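Here is the structure we will look at, set down as structure tokens.
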Amino acid sequence: MTPPTNSLVLEIVRTLEKEGVPRDSYQLGTEFDPEALARLLDSADSAIEVRLEVRGVSLAVTSHGVWVTDDPPSPPPECPRCGREVTAVIQLVPTHRTAYPCGCPVEGESIE
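Mind the numbering: the sequence shown is residues 0 to 111 in numbering that gives the first Met the number 0, read in order.
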């Protein structure tokens, strides 16, 4: 991991510990991709805010820090083709997006 990723992970872990979530009860790499999150925050302007949920704790993450939110996590969207729950949309090239885990192709901004 790169230094920005390390400090972001450490800040998330400390925030979760303050909320009573023990370190051994989760693996951040299975909850989200820490390196991708760090790259996103580094490449975007300061107005971006990413919402995460780890073990029932809702977090807001920006380039300025990590904090717990009172907002309940929103339910995951459904795939517009098969109706399964979508946990991510993968875009390898600008013109092709795939819903994960179902693998259905996604057109435009059809998943919100």
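We put the CB at the ideal spot given by N, CA and C, even for glycine. The structure presented is a predicted model; accordingly, all values stated were derived computationally and were not measured.
Query, Result
"Under the rule that 16 or more other beta-carbon atoms within 10 Å means buried, what is Thr94, buried or exposed?", "exposed"
"Could you pull the start and end residues of the alpha helix (DSSP H) that Arg38 belongs to?", "33–42"
"Tell me the DSSP bridge mates of Arg50?", "Ala59"
"Could you check whether the Cβ of Val56 sits closer than 7 Å to any heavy atom belonging to the ligand GTP?", "Here there are no bound small molecules, and the ligand GTP is not part of this structure."
"Taking DSSP as the reference, what is the three-state secondary structure of Val118?", "The requested residue 118 is not part of the displayed model; the chain covers only 0 to 111."
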